[in-house]
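Take a look at the structure set out below.
2 protein chains.
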Amino acid sequence: MADFNLMTSLHIPGKTRIVQLVMDGLGGLPRELDGKTELEAAPTPNLDALAARSQLGLAVPVRPGITPGSGPAHLALFGYDPLTYDIGRGVLEALGIGFDLQPEDLAARGNFCTVDEQGLITDRRAGRIPTEVNQKLVALLREIRLPSVQTFVETVKEYRFVLVLRPTAGQTLQANIYDTDPQQLGVPPLPARAADEASAPTAALLNEWLTAARDLLKAHPPANSLNLRGIARDPGLPRFTTVYGLKAAAIATYPMYRGVARLVGMEVLPVAGETVEDQVETLRAHWDEYDYFFFHVKKTDSAGEDGDFEQKAAVIAHVDQVVVPAILALNPDVLIVTGDHSTPSLLRSHSWHPVPTLLWSRYCLPDGIAEFGERACSRGSLGLFPASDELPLAMGHALRLTKYGA
Amino acid sequence: MADFNLMTSLHIPGKTRIVQLVMDGLGGLPRELDGKTELEAAPTPNLDALAARSQLGLAVPVRPGITPGSGPAHLALFGYDPLTYDIGRGVLEALGIGFDLQPEDLAARGNFCTVDEQGLITDRRAGRIPTEVNQKLVALLREIRLPSVQTFVETVKEYRFVLVLRPTAGQTLQANIYDTDPQQLGVPPLPARAADEASAPTAALLNEWLTAARDLLKAHPPANSLNLRGIARDPGLPRFTTVYGLKAAAIATYPMYRGVARLVGMEVLPVAGETVEDQVETLRAHWDEYDYFFFHVKKTDSAGEDGDFEQKAAVIAHVDQVVVPAILALNPDVLIVTGDHSTPSLLRSHSWHPVPTLLWSRYCLPDGIAEFGERACSRGSLGLFPASDELPLAMGHALRLTKYGA
Chain A
111 MADFNLMTSL HIPGKTRIVQ LVMDGLGGLP RELDGKTELE AAPTPNLDAL
161 AARSQLGLAV PVRPGITPGS GPAHLALFGY DPLTYDIGRG VLEALGIGFD
211 LQPEDLAARG NFCTVDEQGL ITDRRAGRIP TEVNQKLVAL LREIRLPSVQ
261 TFVETVKEYR FVLVLRPTAG QTLQANIYDT DPQQLGVPPL PARAADEASA
311 PTAALLNEWL TAARDLLKAH PPANSLNLRG IARDPGLPRF TTVYGLKAAA
361 IATYPMYRGV ARLVGMEVLP VAGETVEDQV ETLRAHWDEY DYFFFHVKKT
411 DSAGEDGDFE QKAAVIAHVD QVVVPAILAL NPDVLIVTGD HSTPSLLRSH
461 SWHPVPTLLW SRYCLPDGIA EFGERACSRG SLGLFPASDE LPLAMGHALR
511 LTKYGA
Chain B
111 MADFNLMTSL HIPGKTRIVQ LVMDGLGGLP RELDGKTELE AAPTPNLDAL
161 AARSQLGLAV PVRPGITPGS GPAHLALFGY DPLTYDIGRG VLEALGIGFD
211 LQPEDLAARG NFCTVDEQGL ITDRRAGRIP TEVNQKLVAL LREIRLPSVQ
261 TFVETVKEYR FVLVLRPTAG QTLQANIYDT DPQQLGVPPL PARAADEASA
311 PTAALLNEWL TAARDLLKAH PPANSLNLRG IARDPGLPRF TTVYGLKAAA
361 IATYPMYRGV ARLVGMEVLP VAGETVEDQV ETLRAHWDEY DYFFFHVKKT
411 DSAGEDGDFE QKAAVIAHVD QVVVPAILAL NPDVLIVTGD HSTPSLLRSH
461 SWHPVPTLLW SRYCLPDGIA EFGERACSRG SLGLFPASDE LPLAMGHALR
511 LTKYGA
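Next up, the structure:
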């Protein structure tokens, strides 16, 4: 909170523009062939040229050794210490699909799953049913009524949905409730169990819904049961306008990231399609309307999770070719290129490795390292730094902070 | 504590093995001859080859500019912030000789000293009497009885012993009591003085013992008096199994280090002799039984304290030749090579300089610096980092931590 006090008390108006280009899961590990990482192997002439005029460093998303989920990793990029601020998965998912979550709502991520005749889980993702099947099942689940609360069930995609309970006036729902997903096969889905006494009535409501829902689904294999995870309420995070005095916009295509952005008070801009070209169009169209843009590229992470080194390098090369020149052509005042965490193809998952990061502004002191890569960044003047320092640094470079003290 | 919450809540089981090889007082300063430090001057082909495949950095044991004692320096290596966790010297010494210290016990380190006819100290270490003499004197001191508490007197070595007071049921001893050693010559040994009111009864008990002990010793020059230091109780540190979920073993020959290890819940393994070869034998014999090994080399520090540059470099070279290949042959998953603090021969004492550190795992991103030395480490990607980050980093690299948040 100390840093937020600084930001909140020092920010000043201005006409400068900040872009934070986030390639999800950017950091990687070397392949055997030539000892290069995905980022080092990708042809990135534009990023390399920009690096020569920039400061480089390695960003630590949470703490050394800690592998972050997407929520905490993005909070850090936005300057929120992820150990101080916590968002439940249910809330992220609800916001990510554009659900108009109210402060008093309780949200859970739902997963359809498959159980056998004994009621034991055989597939935690119900064979990854198509989204169209999901939509039909969600229509069934919407028929379930609970006493005293409104329920909303919304498709996310494939086997995933969102359940929202909205209390009636004066009533409070408590979200300290364990996941019902036992996270293993061969055991039954669990009931909702309250982790404290105050959450017991809400857990009872959820169990009433779960019983009805699991009963309804019996006739619909492979999605013949379900689980709830990440049961949570809006954590009420400080807003970007308050913290930084920035009018902020998010350009992201994937629900989760649109959700986090909305939670910190960004406006989530419409994107015409799923490609980075579509995202660039959105950026151009709204350039004059905002002080700050969060530009999120998802496919670097997806390729890393698939263990596809070549594909991850190709996505990076494409961003270098298409996105970087387009941003530079708009003449931003500050450009940060980074990732939310590392997703090495070698590990096929998020990892704890710090994230290559580049900061350019006309007031940066260039390191003179004409390469954007993990090892290049480890020699940069930003050093090994907390990812939550990126926004304060950007604020300084955008001349958006006044002097601290006389 | 936040970090321990992270470790405690994220650790997961696994079959991976971590080795932390600690050369005590590893860091040094350049000699005039060629401007090389002890570590830089020592021939270390195995460490240099390992460095080329590793990440390097400089570990700060406590805070910049602060010279640590052995206790705090080791707590930091084990991930315990030494400003949060404090162990009294008396407790370390008692545990170090294998004394079965109980949580309610009060322990003090004792030093025999020499006083002249006026009772003024002429030698704070009693001419470093042989351990055999110490044992005879300790037998005398054991005859002293105190009301209501049990007393234990144990030889450590040379002029050093341990005094333990064990309270009777329901009684509590308070350890906020100053050292009786005035730390200078030409003045008398001091009585025990309580630093707070609650400790006054315990100080009175200690003074009763001190009076009897000093009286008994009058006839035994050069050890004709004594002092008590580091009066303390077991601080009840969180245990390695709780914090990291690691079954941990210590391979150390010197009492102090065995003591700290025991205090954080490590099992202290028997070593057949005093050499690093003996320690390697212990490591081999117990390799399958533990998740983590603390391997402590004492003689680097002893040589530094003696101001013997050549000897310190020779100890490092010997570790490189004998210990490093032996550890690598066991195929660990994570190997950290570090020191607890610096002990430059130039200073003949512990110092505040950050400690050269190497981290290897198959998931590390090698810096490509084929040398293990202070200057090489200052260019490494671990940067200048708190020594207490080593264990969390090792946990990440050992795949022993699950993701933080969704």
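Chains A and B supply the protein sequences, listed in that same order.
Going from the first sequence to this note's numbering is simple: count from 1 and add 110.
Going from the second sequence to this note's numbering is simple: count from 1 and add 110.
Virtual Cβ for every residue (Gly too), placed ideally from N, Cα, C.
6 angstroms CB neighbourhood of Gly-220 (chain B) in its chain, flanking five on each side removed:
For the purposes of this step, residue 220 (chain B) is identified with residue 110 of the second sequence, where counting begins at 1. For Gly-220 (chain B), where only same-chain residues beyond five positions count, the Cβ hits under 6 angstroms are Phe-271, Leu-273, Leu-336, Leu-338.
Cβ closer than 7 angstroms: which chain B residues qualify as neighbours of His-463 (chain A)?
Here residue 463 (chain A) refers to the residue found at position 353 when the first sequence is read from its first residue. Result: Leu-475.
Determine the contact status of Thr-453 (chain A) and Ser-461 (chain A), defining contact as a CB-CB distance below 8 angstroms.
In the first sequence, the residue the question calls residue 453 (chain A) occupies position 343. In the first sequence, the residue the question calls residue 461 (chain A) occupies position 351. Going by C-beta atoms, Thr-453 (chain A) is nearer than 8 angstroms to Ser-461 (chain A).
Residue ranges of each beta strand (DSSP E) run of no fewer than 3 residues wholly in the stretch 279 to 351 of chain A, ordered along the chain?
335 to 343
Would a C-beta distance cut-off of 8 angstroms place Pro-300 (chain B) and Ile-231 (chain B) closer than the cut-off?
Working through the second sequence from its first residue, we reach residue 300 (chain B) at position 190. Working through the second sequence from its first residue, we reach residue 231 (chain B) at position 121. First, the residue type needs correcting, since residue 300 (chain B) is Leu and not Pro in the sequence shown. Contact flag unset, no.
Hey, does Ser-164 (chain A) have any beta-carbon neighbour from chain B nearer than 8 angstroms?
Within the first sequence, residue 164 (chain A) is the residue found at index 54, counting from 1. Not closer than 8 angstroms to any Cβ of chain B, the Cβ of Ser-164 (chain A) fails to qualify, so no.
Bridge partners for Thr-448 (chain A) per DSSP, in chain order?
Working through the first sequence from its first residue, we reach residue 448 (chain A) at position 338. DSSP output for Thr-448 (chain A) lists A:Val-132 as bridge partner(s).
So Ala-285 (chain A) and Ile-341 (chain A) are in contact, right, with Cβ under 8 angstroms, and what is the actual spacing, rounded?
In the first sequence, counting from the first residue as 1, residue 285 (chain A) sits at position 175. In the first sequence, counting from the first residue as 1, residue 341 (chain A) sits at position 231. Confirmed, Cβ separation roughly 5 angstroms.
Below 8 angstroms CB to CB, which residues in the same chain sit around Ile-287 (chain B) once its five sequence neighbours on both sides are set aside?
Working through the second sequence from its first residue, we reach residue 287 (chain B) at position 177. Taken in chain order, the residues that qualify are Ala-302, Arg-303, Ala-304, Ala-305, Ser-309, Thr-312, Ala-313, Leu-316, Ile-341.
Nonlocal neighbours in the same chain, by C-beta distance under 7 angstroms from Val-429 (chain B), ignoring five residues either side
Here residue 429 (chain B) refers to the residue found at position 319 of the second sequence. Same-chain partners within the cutoff: Met-133, Val-386, Val-407.
Flag this pair as yes or no: are the beta carbons of Glu-203 (chain B) and Gly-383 (chain B) separated by less than 8 angstroms?
Locating residue 203 (chain B) in the second sequence gives position 93, counting from the first residue. Locating residue 383 (chain B) in the second sequence gives position 273, counting from the first residue. Not closer than 8 angstroms, so no.
Using only the alpha-carbon positions, how far apart do Val-129 (chain A) and Pro-476 (chain A) sit?
Against the first sequence, residue 129 (chain A) aligns to sequence position 19. Against the first sequence, residue 476 (chain A) aligns to sequence position 366. Their Cα atoms are separated by approximately 18 angstroms.
Which first and last residues belong to the beta strand (DSSP E) in which Gly-167 (chain B) is found?
Position 57 of the second sequence, counting from 1, holds the residue named residue 167 (chain B). That run of the beta strand (DSSP E) goes 165 to 170.
From Asp-144 (chain A) to Thr-224 (chain A), what distance separates their C-alpha atoms?
Taking the first sequence and counting its residues from 1, one reaches residue 144 (chain A) at position 34. Taking the first sequence and counting its residues from 1, one reaches residue 224 (chain A) at position 114. If I take the Cα positions, the gap works out to 44 angstroms.
Would you mind giving the Cβ-Cβ distance between Pro-502 (chain B) and Met-117 (chain B), rounded to the nearest angstrom? I have them listed as a contact below 8 angstroms.
As a working note, residue 502 (chain B) is residue 392 in the second sequence. As a working note, residue 117 (chain B) is residue 7 in the second sequence. Indeed they touch by this definition, with Cβ atoms about 6 angstroms apart.
Taking all protein chains shown into account, do 16 or more other C-beta atoms lie within 10 angstroms of the C-beta of Val-263 (chain B), making it buried, or fewer, making it exposed?
As a first step, residue 263 (chain B) must be located in the second sequence, where it is residue number 153. Buried, because 16 or more other Cβ atoms sit within 10 Å of the Cβ of Val-263 (chain B).
Using a Cβ-Cβ cutoff of less than 7 angstroms, which residues in the same chain neighbour Pro-519 (chain A) once the five nearest sequence positions on both sides are dropped?
There is simply no residue 519 (chain A) to check, as chain A begins at 111 and stops at 516 in what is shown.
Any beta carbon from chain A within less than 8 angstroms of Asp-499 (chain B)'s own beta carbon?
Working through the second sequence from its first residue, we reach residue 499 (chain B) at position 389. Yes - at least one Cβ of chain A is within 8 angstroms of the one on Asp-499 (chain B).
Quick one: is Lys-246 (chain B) near chain A, going by C-beta distance under 8 angstroms?
As a working mapping, residue 246 (chain B) is identified with position 136 in the second sequence. For Lys-246 (chain B), the answer is no, since every Cβ of chain A falls outside 8 angstroms of its Cβ.
Would a check of beta-carbon distances place Ser-180 (chain A) closer than 8 angstroms to chain B?
Within the first sequence, the letter at position 70 stands for residue 180 (chain A). Yes, Ser-180 (chain A) lies at the interface with chain B (some Cβ there is under 8 angstroms from its Cβ).
Which residue's Cα is closest to the Cα of Gln-389 (chain B): B:Tyr-354, B:Pro-365, B:Val-433, B:Tyr-402?
Position 279 of the second sequence, counted from the start, is the residue given in the question as residue 389 (chain B). The candidate whose alpha carbon is nearest that of Gln-389 (chain B) is B:Val-433.
CA-to-CA distance, Gly-355 (chain B) to His-507 (chain B), given in whole angstroms
Here residue 507 (chain B) refers to the residue found at position 397 when the second sequence is read from its first residue. Here residue 355 (chain B) refers to the residue found at position 245 when the second sequence is read from its first residue. The alpha-carbon atoms of His-507 (chain B) and Gly-355 (chain B) are separated by roughly 15 angstroms.
Taking the Cβ atom as the reference point for each residue, do Gly-346 (chain B) and Ala-358 (chain B) lie within a distance shorter than 8 angstroms?
Here residue 346 (chain B) refers to the residue found at position 236 of the second sequence. Here residue 358 (chain B) refers to the residue found at position 248 of the second sequence. No, the pair does not count as a contact, with Cβ atoms beyond the cut-off.
Of all the residues that make up the stretch 406 to 420 of chain B, which are near chain A by a beta-carbon distance shorter than 8 angstroms?
none
The beta strand (DSSP E) spanning Asp-233 (chain A) covers which residue range?
Position 123 of the first sequence, counted from the first residue, corresponds to residue 233 (chain A). Run containing Asp-233 (chain A): 231 to 233, per the beta strand (DSSP E) assignment.
Relative to the C-alpha of Lys-146 (chain A), which residue among A:Ala-423, A:Val-444, A:Arg-472, A:Leu-469 is closest?
Residue numbering aside, residue 146 (chain A) sits at position 36 when the first sequence is read from its first letter. Closest option to Lys-146 (chain A), Cα to Cα, is A:Ala-423.
Which residues in the same chain as Ala-186 (chain B) place their Cβ atom closer than 6 angstroms to its Cβ, once the five residues preceding and following it in sequence are excluded?
Position 76 of the second sequence, counting from 1, holds the residue named residue 186 (chain B). Closer than 6 angstroms at Cβ, skipping near neighbours: Pro-171, Pro-192, Ala-497, Ser-498.
Please list the segments of the beta strand (DSSP E) lying wholly inside the stretch 395 to 478 of chain A, counting only runs of 3 or more residues, in order along the chain.
402 to 407, 444 to 448, 465 to 471
From the DSSP output, which residues share a beta bridge with Asn-221 (chain A)?
One-based indexing of the first sequence puts residue 221 (chain A) at position 111. In the DSSP output, where bridge partners are listed per residue, Asn-221 (chain A) has A:Arg-270, A:Asn-337.
Looking only at its chain, what residues have a beta carbon closer than 7 angstroms to the beta carbon of Glu-318 (chain B), apart from the 5 residues adjacent to it on each side?
Here residue 318 (chain B) is taken as the residue at index 208 of the second sequence, counted from 1. Contacts found: Leu-256.
Give the residues from the stretch 479 to 496 of chain A that approach chain B closer than 8 angstroms (Cβ to any Cβ), ordered along the chain.
Glu-484, Arg-485, Ser-488, Arg-489, Gly-493, Leu-494
In angstroms with no decimal places, state the Cα-to-Cα distance between Leu-468 (chain B) and Leu-494 (chain B).
Along the second sequence, one-based indexing puts residue 468 (chain B) at 358. Along the second sequence, one-based indexing puts residue 494 (chain B) at 384. Approximately 12 angstroms, taken between the alpha carbons.
Give the secondary structure of Gln-260 (chain A) by DSSP, where H, G and I count as helix, E and B as strand, and everything else as coil.
Your numbering for residue 260 (chain A) matches position 150 in the first sequence. Strand, per DSSP.
How would you label Asp-344 (chain A), buried or exposed, when you count the other beta carbons within 10 angstroms and need 16 or more for buried?
Your numbering for residue 344 (chain A) matches position 234 in the first sequence. It is buried - the Cβ of Asp-344 (chain A) has at least 16 other Cβ atoms within 10 Å.
Tell whether a beta-carbon distance below 8 angstroms holds between Gln-212 (chain B) and Arg-276 (chain B).
Here residue 212 (chain B) refers to the residue found at position 102 of the second sequence. Here residue 276 (chain B) refers to the residue found at position 166 of the second sequence. Contact flag set, yes.
Would you call Pro-182 (chain A) buried or exposed, if buried means 16 or more other Cβ atoms sit within 10 Å of its Cβ?
Indexing the first sequence from 1 puts residue 182 (chain A) at position 72. Pro-182 (chain A) should be labelled buried.
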